[in-house]
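Undergrad: Attaching a single structure in C-alpha cells format; questions to follow.
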Amino acid sequence: MWHTEAVEEFYSPDITTETEPDPPYMQRSYKLQQTGNYQLPDLEDNEAELYFQSHTNIFFIISTIFQAGLAKLNPRQTCAIESAARSNPEWKVFVLFVSATEFSFFNSPNIVPLLPYPNVFLRRVNMTTFGLGSPVEEMFERGALRNSSFIVEHTSDVLRLLTVYKYGGTYLDTDVVVMKSLDELPLNYLVSEGDGFVANGIINLQASGVGHTLAESMLRDVAKNYSATEWAANGPFLVTRILRQYCNVTEPWHMTREQCGGQFGVLPPDQFFQVFYPHQSWYFEANRTREVMERMKGKVLTHLWNKLTNGIKLKKDADAAYIELARLYCPNALWSVKEYF
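Once you know that position 16 of the sequence shown is 16 in the UniProt record's numbering, the rest is easy, because the numbers rise by one and skip nothing.
Written out as C-alpha cells, the structure is:
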C-alpha cells in the first residue's frame, strides 16, 4: 500500500504498450510515447499552473546529466520531494529536469513513488528558451554554464534564482525532509549557514515586490560575475554579497526582517540546519537517533548535508534518525527501496 491521502491504491506499473490505459493517478499531461516512456511536459508550455497562487510554488531542480534523456532520481531525492508534497498538500511541487525529456516506470523506479501525489508536477526545462527576457539571457546564449568546472552545481545555482525570478515561490535542495507546512514561514526569506554566509539551498522569493527585486539583483550579479571555476561562487557567495548590500550589514545573523526593510529576512541556522557540520553523520547513527529527533520537534524542515553524507549507506530498517524521518514524511520513498535508502 502506498501512503498518500490522495489515492487509496497504487496501480501496478505494468505498462508495455501504447494501448494500455494510464494509471488512475497519472496526470494527463504525461504523454505515453511509442517507446513506452512518458514525456515530461515543458515547464514553459504550462505556465498558467505556475502563475496561479504563485506563493504556493515549491521547486526542486535536477540538473544531473542523464543518458538518453531519461529522468531518474535517487531514493533520498524522492524523499525530499515526497515530504514536501505530503506536508504541503495545497501547494504545487514542481520537479524540474534540465537534461531529461522522459521518464519510465521501469528505468525511473524512484519517480514512481511520487506519482500518486496530485500536487507533484514533473517538468523539463528548455535551456534554449528559459532565460529569454531575463538578466541572464545573454549568459545562456553564449553557453556559459556548459563551460563550468561544476556544471551540475552551477546550473542549479543559476536556475533556482531564475525560476523564483520568473514565477515566485520556494526553492528547496533535494537533501531536505519537509516536516510541516511552509505556510508557517513568512514570505521572502533565505537562511544563514552559520558560518558567515547565507545559504542558497532554501530560497523563498515572491513573484513581485521585494522578492522579485532581490531575485533580479542576484541574477544581474551572476550575469556580471559568473565564475566557472569556483564551486560556491554562484551560490552562497553570490547571495551573501547581494544581501549584505540590501540589508546594509555584513553578518547574516543581523539580516533580520527589521534590518532588511520589513519585507525580507534571513532566518537563523537552526530553522533548517538543526544538526551542524561536523556532526552531519548523526542523522545516520543509531546512538544519535533520540537526540536528532528531539531537535526536529516543531521544525518545518531539516537539511541533511548531501554533499557530505551521500556516501553513507543506510539500510531501510536501520535505527537512525533519517529512517525515522522517512517513515513519517516520505513513506513511499522508503517503502519502494529494496535494501538501502
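Every residue gets a Cβ at the ideal spot worked out from N, C-alpha and C, and that includes glycine.
#1: How far does the beta strand (DSSP E) with V93 in it extend, from its first residue to its last?
#2: Restricting to Cα atoms, I'd like to know which of K307, A321, D42, S149 is closest to M127.
#3: If we call anything under 9 Å between Cβ atoms a contact, is T129 one with A333?
#4: Check for me: the beta strand (DSSP E) holding G209 runs from which residue to which?
#5: If you count every other CB in all the chains shown that lies within 10 Å of the CB of L205, and 16 or more means buried, which is it?
#6: Do you know offhand how far M255's Cα is from S192's?
#7: Between which residues of its own chain and R327 is the CB-CB distance below 7 Å, once the five residues before and five after are set aside?
#8: Confirm, please, whether the CB-CB distance from G262 to A207 is below 9 Å.
#9: Round the Cβ separation of S134 and L115 to the nearest angstrom and send it over; I've been treating them as touching at under 8 Å.
#10: Alpha carbon to alpha carbon, how far is F106 from F66?
#11: DSSP on N126, reduced to helix/strand/coil?
#12: List, from N- to C-terminal side, the alpha helix (DSSP H) runs of 4 residues or more that fit wholly inside the UniProt domain "Alpha 1,4-glycosyltransferase" (209-334).
#13: Going by DSSP, what residues sit across from N57 in a beta bridge?
#14: So, with DSSP's three-state summary, where would you put F103?
#15: What residues match up with D42 in a beta bridge as DSSP calls it?
#16: Given a threshold of 16 other Cβ atoms within 10 Å of its Cβ, counted over all protein chains shown, does R142 qualify as buried or as exposed?
#17: Could you check where the alpha helix (DSSP H) with S156 kicks off and where it finishes?
#18: Would you report the Cα separation of C260 and N200, rounded to the nearest angstrom?
#19: Which residue marks the beginning of the beta strand (DSSP E) containing S134, and which one marks its end?
#20: Comparing alpha-carbon positions, which option in Y226, W231, E216 lies nearest L243?
#21: So what does DSSP say about L182, is it helix, strand or coil?
#22: Opposite K31 in the DSSP bridges: which residues?
#23: Under a Cβ-count criterion, where at least 16 other Cβ atoms within 10 Å of its own Cβ denotes burial, should E258 be classed as buried or exposed?
#24: Count the other CB atoms, across all protein chains shown, that sit within 10 Å of the CB of T174; report buried if there are 16 or more and exposed otherwise.
#25: Terminal residues of the continuous beta strand (DSSP E) containing A48?
#26: Taking just the CA atoms, how far does I61 sit from S281?
#27: Does DSSP classify N200 as helix, strand or coil?
#28: Have a look at I58 and H303 and give me their C-alpha separation to the nearest angstrom.
#29: Given a threshold of 16 other Cβ atoms within 10 Å of its Cβ, counted over all protein chains shown, does W253 qualify as buried or as exposed?
TA: Let me lay it out:
#1: The continuous beta strand (DSSP E) containing V93 extends over residues 92-97.
#2: The residue from K307, A321, D42, S149 with its alpha-carbon nearest to that of M127 is D42.
#3: Contact annotation: T129 and A333 have beta-carbon atoms that are not nearer than 9 Å.
#4: No beta strand (DSSP E) holds G209; the alpha helix (DSSP H) holding it covers 209-225.
#5: Around the beta carbon of L205, 16 or more other beta carbons lie within 10 angstroms, which makes this residue buried.
#6: Distance between the alpha carbons of M255 and S192 is about 9 Å.
#7: Cβ neighbours of R327 beyond the five flanking positions: L334.
#8: In this structure, A207 lies away from G262, with their beta-carbon atoms at least 9 Å apart.
#9: At roughly 31 Å, the Cβ-Cβ gap does not stay under 8 Å, so S134 and L115 are not in contact.
#10: Annotation: F106 to F66 spans about 15 Å, alpha carbon to alpha carbon.
#11: In the structure shown, N126 sits in coil (DSSP, three-state: anything other than H, G, I, E or B).
#12: Within the UniProt domain "Alpha 1,4-glycosyltransferase" (209-334), the complete alpha helix (DSSP H) segments of 4 residues or longer fall at 209-225, 236-247, 289-296, 306-309, 321-329, listed in chain order.
#13: The partner list for N57 (beta bridge, DSSP) reads K92.
#14: Three-state result, F103: strand.
#15: Beta-bridge pairing by DSSP links D42 to R124.
#16: Residue environment analysis places R142 among the exposed positions, since fewer than 16 neighbouring C-beta atoms fall within 10 angstroms of its C-beta.
#17: It spans 151-167 - the alpha helix (DSSP H) in which S156 sits, taken as one unbroken run.
#18: C260 and N200 have their C-alpha atoms spaced approximately 17 Å apart.
#19: Here S134 belongs to no beta strand (DSSP E), and DSSP marks it neither H nor E.
#20: Of Y226, W231, E216, the residue nearest in Cα terms is E216.
#21: In this structure, L182 counts as helix in the three-state DSSP scheme.
#22: Answer is Q39.
#23: Per the 10 Å Cβ criterion, exposed.
#24: Around the beta carbon of T174, 16 or more other beta carbons sit within 10 angstroms, so the residue counts as buried.
#25: In the DSSP assignment, A48 falls outside any beta strand (DSSP E) and lies within the alpha helix (DSSP H) extending over 48-51.
#26: Between the alpha carbons of S281 and I61 lies a distance of about 25 Å.
#27: It is a strand residue.
#28: Just so you know, the alpha carbons of I58 and H303 end up roughly 16 Å apart.
#29: That one is exposed.
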